[in-house]
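Novice: I'd like to ask you about the structure that follows.
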Amino acid sequence: MTDIIDNTSGSVPTSPFPHSPLSFTAADLDTIAHLSGVELNDVARTTQRLARQAEARTALLAYRIGQSIADDMLVVTATRPHTHHAVDKAAIAEISLQLGISRSLARRYAILGAHLTDLPHTTLAFLDGHIRLSRIEIVADQLSILDPSLRAQAEPLALELARRTSADSTLRDQLTELVIALDPDAAAHARREFANRNQNIHIRPDTHGHVTLDGCLPAEQGLHLATRISTLITERLCSDEPRTPGRRRVAALADIQGLPGAHLTCHCGSTDCPATPHDGQTDCDTAPFDDTAPFNEPDTGEADAAVAADSATRDEHNAKEPTAEPAQQPALEVLIDPAGVAVPRLVGHGVIDPAHAAELAAGVIARPIAFPDLTALINTTGQPSLAVNLTTPGLNLAAMASNLASWGLTRQFRTVDRSQRARRISGPTAVGAEISNTRVAS
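Everything in the sequence shown is counted per the UniProt record's numbering, starting at 1 for the first residue and increasing by one.
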C-alpha cells in the first residue's frame with residue numbers, strides 16, 4: 001500500500017499519487033482536459049492500476065463479509081437440511097447489500113476470494129493491480145482444478161501468461177491446455193462437474209415482442225449448431241439479401257427448429273437470385289388464354305375433368321417433392337496426437353481433455369484426425385513458422401508443439417500420487433459451503 005498512500009509528512013495527502021497531476025477533486029475535470037501526449041497515457045495507466053488495486057481489495061473484503069455471514073449461519077443452522085444453499089444465498093445477499101453491487105458481481109467476488117485462499121502468488125498479483133479482474137478469475141478458476149502440489153508448480157507460469165498481452169479467451173485456452181497436460185483426469189472431472197452445474201437453456205421475455213435465448217451447451221453441440229446455421233445461410237441466401245447478419249441467423253435457427261412456415265428464403269426480390277430455385281412449370285392461373293376456341297360449342301365437361309386431373313397430378317408431384325435441405329454437414333474434427341503428447345483439440349473450439357476427445361471420436365458427430373508433422377511447423381530457431389496461421393481458432397499447432405517445452409513443464413508432474421487428488425476443486429457448488437470449508441480448514 002506504500003505506493004498508493006504516502007503519509008510520511010503526517011498529513012493525509014490530497015491525491016493517492018504524490019506526483020500525480022490529479023487531485024481527485026472536481027478540479028481534475030479541467031486537469032484531464034489539458035493533459036496530452038505521453039503524460040496523458042501515463043496518468044491514465046497509473047489511475048487504472050489504482051482502480052484495479054482498489055477492486056482487488058474490494059473483492060477480498062467482499063469475501064470476508066460473506067465468510068462472516070457463513071460462520072454465523074453455520075453455528076445456528078448447522079443441523080438443518082439444505083444449510084449450505086441457504087448460507088450461499090445469505091452470503092451473496094449480504095455482500096450485495098453492503099457494497100451496493102449486483103448479486104452476480106457479489107457472487108464473482110465470493111467465488112474468487114474462496115479460490116485465492118489457496119493461491120498466494122495470484123493474490124499478491126491481484127493486489128498489485130497489473131492484472132485485471134477477469135484474468136485473475138481465469139487463473140484462479142483453472143488452477144483450482146489441480147491438486148495443491150501441481151497448483152504450486154503451475155501458478156507462476158499461469159501468472160506469466162496472464163501478464164502477457166492477449167485476449168481473455170486466449171489465456172483461458174492456454175491455461176486449459178496447461179491443466180490438461182498436467183492432470184487430464186482432473187480436467188475431465190472438472191468438465192463433468194461444470195456440466196452438472198451449468199448446462200441449461202434459458203428463454204426469457206424481452207421487449208418489443210422478443211425473447212432472449214442463452215444457454216450453456218457442450219462444445220460439440222454448439223459448433224454443430226453454428227455450422228448448420230452458417231451452411232443454411234450460405235445455401236439459401238444470396239449476397240443481395242437485405243436482412244442483417246443477425247436476422248439471417250435467427251431466421252435460419254427458426255428453419256432448423258422446424259417452426260411452421262419458417263422456411264429460410266432469400267428476400268433480395270430478384271427473379272434471377274442464384275439462391276432461389278426456379279420451377280419451369282407454368283401455373284394454370286397464368287397460362288395463355290386460347291382465344292381461337294369457339295364459344296358456342298356445348299360443354300361436355302371434358303375440359304373441367306382435364307383441368308382437375310392436371311391439378312391433382314401437380315399437387316401430387318408437389319407433395320412428393322421434398323423441401324430443399326442444406327448439403328450434408330461435415331463432421332466436426334478432433335485433432336489427436338497418436339503419441340499422446342500434445343493435448344487434443346476440437347477444431348473451432350480449442351483444447352479438450354483426452355477423455356472428451358475419445359468420446360467424440362467414438363461417436364458420429366466428430367471424426368479424429370492425427371496431428372500433422374509438428375516439427376515441420378517449427379523453424380530452426382525453435383519458433384513457430386511464419387507460414388502457420390496462428391490466428392485460426394483451434395489450430396495453433398506450432399505453438400502447442402513447443403508449449404510444454406517452453407513452459408519448462410515435463411510429464412514428471414503426472415507422477416504425483418493419484419490418491420492425493422481425490423478432492424477436486426472445480427469451483428464451489430455453493431459459495432457459503434466453500435466459504436465455510438475454507439474457514440474450517442484455516
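Think of the CB as a built atom: it goes at the ideal place given N, C-alpha and C, for glycine as much as any other residue. Since the structure is predicted, the reported quantities are computational estimates derived from the model, not experimental observations.
1. According to DSSP, is D214 helix, strand or coil?
2. With DSSP run on the structure shown, which of helix, strand or coil describes S20?
3. According to DSSP, is L335 part of a helix, a strand, or is it coil?
4. Tell me which residue opens and which closes the beta strand (DSSP E) that P205 is part of.
5. Please name the residue in G350, Q153, I201 and A187 whose C-alpha comes closest to that of S169.
6. Please work out which residues of its chain come closer than 7 angstroms, Cβ to Cβ, to H121, disregarding the five sequence neighbours upstream and downstream, and give them in chain order.
7. Short check: CB of I95 to CB of A110, under 9 angstroms?
8. Since R236 and T265 are thought to touch, with beta carbons under 8 angstroms apart, how far apart are those beta carbons, to the nearest angstrom?
9. Quick check on I145: buried or exposed, where buried means 16 or more other Cβ atoms within 10 Å of its Cβ?
10. Going by CA-CA distance only, name the one from R132, R367, A90 and A167 that's closest to A51.
11. Would you list the residues sitting across from I369 in a DSSP beta bridge?
12. Pick helix, strand or coil for G129, following the three-state DSSP scheme.
13. Report the rounded CA-to-CA distance for A186 versus T271, giving the unit in angstroms.
14. Which residue or residues does DSSP assign as beta-bridge partners of G350?
15. Can L225 be considered in contact with the ligand NAD, in the sense that its beta carbon sits closer than 8 angstroms to one or more heavy atoms?
16. How long is the line joining the alpha carbons of L171 and S23, rounded to whole angstroms?
17. Using 10 angstroms around the beta-carbon of G66, count the other beta-carbons present and answer buried if the total reaches 16, otherwise exposed.
18. Going by Cα to Cα distance, which pick from A251, S239, Q257 and P245 is closest to C273?
19. Rounded to whole angstroms, what is the Cα-Cα separation between T207 and A226?
20. For T31, which three-state DSSP category applies?
21. Any idea what DSSP makes of S36, helix, strand or coil?
22. What's the C-alpha gap between A152 and D118?
23. In whole angstroms, what separates the C-alpha of V26 from that of N41?
24. Which word fits A376, buried or exposed, when buried means at least 16 other C-beta atoms lie within 10 angstroms of its C-beta?
25. Compare the Cα-Cα distances from D173 to each of A358, L346 and R367 and report the closest residue.
26. Taking the alpha-carbon of L332 as reference, which of G340, Q221 and F194 has the nearest alpha-carbon?
27. Residues in the same chain with beta-carbon distance under 6 angstroms from A219, minus the five sequence neighbours each way, listed in chain order, please.
28. Assuming V334 contacts A370 under a Cβ cut-off of 8 angstroms, what Cβ separation, rounded to an integer in Å, is found between them?
29. Would residue 461 pass as a contact of G129 if the rule is Cβ separation under 9 angstroms?
30. Among residues of its own chain, excluding the 5 on either side of L223, which ones have a beta-carbon nearer than 8 angstroms to its beta-carbon?
31. Does DSSP put D417 in a helix, in a strand, or in coil?
32. If you draw a straight line from the alpha carbon of R344 to that of A33, how long is it in whole angstroms?
33. Just the Cα atoms here: how many angstroms apart are S20 and E55?
34. At the level of alpha carbons, what is the spacing between A188 and A342?
35. Helix, strand or coil for S169, going by three-state DSSP, please let me know.
36. Give the single residue among V87, L61, A62 and L60 whose Cα lies nearest to the Cα of M73.
Specialist: Once the coordinates are examined:
1. DSSP, reduced to helix, strand and coil, places D214 within a strand of the structure shown.
2. S20: coil per DSSP, three-state reduction.
3. Correct three-state label for L335: strand.
4. First-last of the beta strand (DSSP E) with P205: N200 to P205.
5. Closest by C-alpha distance to S169, out of G350, Q153, I201 and A187, is G350.
6. These residues qualify, in order along the chain: E155, P156 and L159.
7. Against a cut-off of 9 angstroms, the Cβ pair of A110 and I95 comes out as a contact.
8. At roughly 6 angstroms, the Cβ-Cβ gap stays under 8 angstroms, so R236 and T265 are in contact.
9. It counts as buried.
10. The option with the nearest alpha carbon to A51 is R132.
11. According to DSSP, I369 bridges with L335.
12. Note: G129 maps to coil in three-state DSSP.
13. Pairing A186 with T271, the inter-Cα distance amounts to about 58 angstroms.
14. Looking at the DSSP assignment, G350 forms a beta bridge with L346.
15. Ligands are entirely absent from the displayed structure, and the ligand NAD is therefore not among its contents.
16. Rounded to the nearest angstrom, the two C-alpha atoms are 36 angstroms apart.
17. Buried, by the Cβ-count rule.
18. By alpha-carbon distance to C273, the top candidate from A251, S239, Q257 and P245 is S239.
19. The straight-line gap from Cα to Cα measures roughly 25 angstroms.
20. Here T31 sits in helix by DSSP.
21. Here S36 sits in coil by DSSP.
22. Distance between the alpha carbons of A152 and D118: 9 angstroms.
23. Rather than Val, the amino acid found at residue 26 in this sequence is Ala. CA-to-CA, the gap between A26 and N41 works out to about 20 angstroms.
24. With a pLDDT of 44 at A376, under the threshold of 50, the modelled position of that residue is not reliable, and the figure given next carries that caveat. Looking at its Cβ environment, which holds fewer than 16 other Cβ atoms inside 10 Å, A376 is exposed.
25. When each option's Cα is compared against that of D173, the closest is L346.
26. The candidate whose alpha carbon is nearest that of L332 is Q221.
27. L346 and H349, listed in sequence order.
28. 10 angstroms between Cβ atoms; not a contact.
29. A query on residue 461 cannot be resolved here, the shown segment of the chain reaching from 1 to 442 and no further.
30. Taking L223 as the centre and dropping the five residues before and after it, the same chain places the C-beta of L332, L346, G348 and H349 closer than 8 angstroms to its C-beta, in chain order.
31. A caution first: D417 carries a pLDDT of 41, below 50, which makes its placement in the model too unreliable to give a value.
32. The question names Arg, but residue 344 is Pro in the sequence shown. If you take the alpha carbons of P344 and A33, they lie about 52 angstroms apart.
33. One C-alpha to the other measures close to 20 angstroms.
34. About 16 angstroms.
35. If DSSP states are grouped into helix, strand and coil, S169 belongs with the helices.
36. The closest CA to that of M73, considering only V87, L61, A62 and L60, is found on V87.
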